[in-house]
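Enquirer: Submitted below is the structure of interest, expressed as structure tokens.
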Amino acid sequence: PLLVPVMIILKLTGEHYIFYGQKRVGYKNRQFRIWKFATMLKASPGLGTGSLTVKNDPRVFPFGRFLRKTKLNELPQIFNIFIGDMSVVGPRPQMEVDFLKYPQHIQEVIYDTVPGMTGIGSIVFRDEEKWISAHEGDKHEFYRWHIAPWKGALELWYQERISLRTDILMMFLTAWVIFFPHSGLVYKIFRDLPPAPEFFRLTLNQELRDVVTAGKQEKRTGKAAV
């Protein structure tokens, strides 16, 4: 039922198209076409920052901002799950240009599991657009050297802990961060996440910075919670 009103609004607004298909790297590094509700101009890949989306990106039309904030734009990926290209939880599939920014050792193993509609990357990187926007230098180089290695490390962390319990927690946290985007609950539940880069820790309030730091210490001493 939720899909129908979204489809009607998209047809009447923006550039009047409903779905957006894009090639992504998936299981065993094979490409597939991912489906989303349209949120950006059709020519977006060749405009502005290309594959990277920044805060208040002019390529995103108004209703598209709402869809992206609530993650409703991801709902058509139910079709990808149905045909076996994706699972509910797993590493997020990347465009090839961004996949190649992962360190080589991560490229080789990150998609040994089926990519997911949500996952640890979706939860932790909810504010990715804001971080990229705040960087004053080359945004693609910032992504390559600061975001991609951390994102890859998080996805490998998930691979080592795949379980029904972990996936249920991921689904809960995906919904949680929509309503409480700055709660930092993910760092309280998963205290052994890979160390966050300095640029990220500086964006946290003192309470969350202490939680992230405590998680790093637990990992070093072998007292991880999950």
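Going letter by letter, the sequence shown gives residues 2 to 227 in my numbering.
In this text, a Cβ means the ideal position worked out from N, Cα and C, and glycines have one as well.
Owing to the predicted nature of the structure, the values given are computational and were not obtained by experimental measurement.
#1: Considering only residues of the same chain and omitting the five flanking positions on each side of residue 8, which have a CB-CB separation below 6 Å?
#2: What residues match up with residue 159 in a beta bridge as DSSP calls it?
#3: Cα separation between residue 28 and residue 85?
#4: Below 8 Å on the Cβ atoms is my contact criterion, and I expect residue 52 with residue 5 to pass it. Report the Cβ-Cβ distance as a whole number of Å.
#5: So what does DSSP say about residue 22, is it helix, strand or coil?
#6: Just reading off the beta strand (DSSP E) that residue 37 is part of, what are its end residues?
#7: Just checking my contact of residue 232 with residue 154 at CB under 8 Å: how many whole Å lie between their CB atoms?
#8: In the DSSP output, what is residue 88 paired with across the bridge?
#9: At 4 residues or longer, what runs of the alpha helix (DSSP H) sit wholly inside the region 128-179?
#10: With a threshold of 16 other CB atoms inside 10 Å of the CB of residue 174, please say whether the residue is buried or exposed.
#11: In this structure, how does DSSP classify residue 55 when only helix, strand and coil are distinguished?
#12: Under three-state DSSP, which class holds residue 61?
#13: With distances taken from CA atoms, which of 180, 186 and 191 is nearest residue 166?
#14: Taking the alpha helix (DSSP H) that residue 100 falls in, what are its first and last residues?
#15: Output the boundary residues of the alpha helix (DSSP H) element that contains residue 228.
#16: Roughly how many angstroms separate the alpha carbons of residue 213 and residue 50, rounded to a whole number?
#17: In terms of residue numbering, what span does the alpha helix (DSSP H) encompassing residue 188 cover?
#18: Kindly indicate the opening and closing residues of the alpha helix (DSSP H) around residue 83.
#19: Going by DSSP, what residue range makes up the alpha helix (DSSP H) through residue 9?
#20: Answer yes if the region 33-41 comes into contact with the region 132-150, meaning at least three C-beta pairs across the two stretches below 8 Å, and no otherwise.
Expert: Result, derived from the coordinates:
#1: Position 7 of the sequence shown, counting from 1, holds the residue named residue 8. If we look at residue 8 and ignore the five residues flanking it on each side, its Cβ neighbours are 19.
#2: One-based indexing of the sequence shown puts residue 159 at position 158. None, per the DSSP bridge assignment.
#3: Here residue 28 corresponds to residue number 27 of the sequence shown, with the count starting at 1. Here residue 85 corresponds to residue number 84 of the sequence shown, with the count starting at 1. Roughly 10 Å separates the two Cα atoms.
#4: As a working mapping, residue 52 is identified with position 51 in the sequence shown. As a working mapping, residue 5 is identified with position 4 in the sequence shown. In this structure, residue 52 and residue 5 do not form a Cβ contact; the two beta carbons are roughly 30 Å apart against a cut-off of 8 Å.
#5: Residue numbering aside, residue 22 sits at position 21 when the sequence shown is read from its first letter. In the three-state reduction of the DSSP assignment, residue 22 falls in the strand class.
#6: The residue you call residue 37 lines up with position 36 of the sequence shown. Its beta strand (DSSP E) spans residues 32-38.
#7: For the chain, the structure presents residues 2 to 227; residue 232 sits outside this window and is missing.
#8: Looking up residue 88 in the sequence shown gives position 87. In the DSSP output, where bridge partners are listed per residue, residue 88 has 117.
#9: 129-135, 140-143 and 149-160
#10: Working through the sequence shown from its first residue, we reach residue 174 at position 173. By the neighbour-count rule (16 or more Cβ atoms within 10 Å), residue 174 is buried.
#11: Here residue 55 corresponds to residue number 54 of the sequence shown, with the count starting at 1. Residue state, collapsed to three classes: coil.
#12: On the sequence shown, residue 61 is found 60 positions in, with the first residue counted as 1. In this structure, residue 61 counts as strand in the three-state DSSP scheme.
#13: As a first step, residue 166 must be located in the sequence shown, where it is residue number 165. When each option's Cα is compared against that of residue 166, the closest is 191.
#14: Numbered from its first residue, the sequence shown carries residue 100 at position 99. Start and end: 97-100.
#15: There is simply no residue 228 to check, as the chain begins at 2 and stops at 227 in what is shown.
#16: The residue you call residue 213 lines up with position 212 of the sequence shown. The residue you call residue 50 lines up with position 49 of the sequence shown. Between residue 213 and residue 50, the C-alpha separation is close to 30 Å.
#17: In the sequence shown, the residue the question calls residue 188 occupies position 187. It spans 186-190 - the alpha helix (DSSP H) in which residue 188 sits, taken as one unbroken run.
#18: Locating residue 83 in the sequence shown gives position 82, counting from the first residue. Residues 78-83.
#19: Residue 9 sits at position 8 when you count from the first residue of the sequence shown. 4-13 is the extent of the alpha helix (DSSP H) around residue 9.
#20: no
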